[in-house]
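As structure tokens, the structure follows; a few thoughts come after it.
Residue numbers (the numbering used here): -5 to 178.
If you want it as structure tokens, here you go:
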């Protein structure tokens, strides 16, 4: 997030893990303003069902901005049912070029149980390597932990939960109040 617009606001940690035919998206519940935890139980992972097709999304950044993007993603998915990649690319194009949308401060991880994408305001739709995506303040910690755990016997949910716990132990802007959604 832009420090000049939101001085001292720090976001969250969201991770997506694909393993064993399932995709899990997990996110912590902490919202901080400088050294103060404003809320510890925010829900930043949501299940969307546009046109009867399940999609799970997690967001980091401004909540209002993320909700705007999630609403736009639902519209794109309704226009292209079952085509998550196409809907994500269309959202990223709008986000990059629309005068209003290009100022939004958020990032998304989305999945339909098959595909897993990170969508950014720079116009990126990224399919992560190693079947793991992570965003937010503690994203790199969660990503590193999950990369170390992915080759073990743990299932996707256990990898995501353990990675989030490790990130919460390291990142002061991440807590252990985790919301998990599984699809696939």
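All C-beta atoms, glycine included, are put in the ideal place defined by N, C-alpha and C.
- Within the same chain, no Cβ atom closer than 6 Å to the Cβ of residue 118 is found once the five residues on either side in sequence are excluded.
- It is roughly 8 Å from the alpha-carbon of residue 156 to the alpha-carbon of residue 139.
- From the listed residues 166, 84, 26 and 62, the smallest Cα separation to residue 135 is found for 166.
- Residue 175: member of the beta strand (DSSP E) spanning 173 to 177, first to last residue.
- DSSP, read as helix, strand or coil, puts residue 90 in helix.
- Residues 19, 41, 105, 175 and 177 of the same chain have their beta carbon placed closer than 6 Å to that of residue 50, with the five preceding and five following residues left out of the count.
- For the region 36 to 89, the continuous alpha helix (DSSP H) assignments of 4+ residues that do not extend past its boundaries occur at 57 to 73, in sequence order.
- Residue pairing by DSSP puts residue 9 in a beta bridge opposite 20 and 128.
- Shown here for residue 53: same chain residues with a beta carbon closer than 6 Å to its own, the five before and five after excluded, namely 38, 60, 100 and 102 in chain order.
- A distance below 8 Å separates the beta carbons of residue 172 and residue 21.
- No Cβ-Cβ contact shorter than 8 Å links residue 25 with residue 150.
- About 28 Å separates the CB atoms of residue 131 and residue 91; that is not less than 8 Å, and the two are not in contact.
- Selection 55, 120 and 29 evaluated against residue 85 yields 120 as nearest (Cα-Cα).
- In the structure shown, the three-state DSSP call for residue 102 is strand.
- The straight-line gap separating the alpha-carbon atoms of residue 56 and residue 159 is approximately 23 Å.
- The alpha-carbon of residue 66 is positioned some 34 Å away from that of residue 143.
- Rounded to the nearest whole angstrom, the CA to CA distance from residue 6 to residue 73 is 30 Å.
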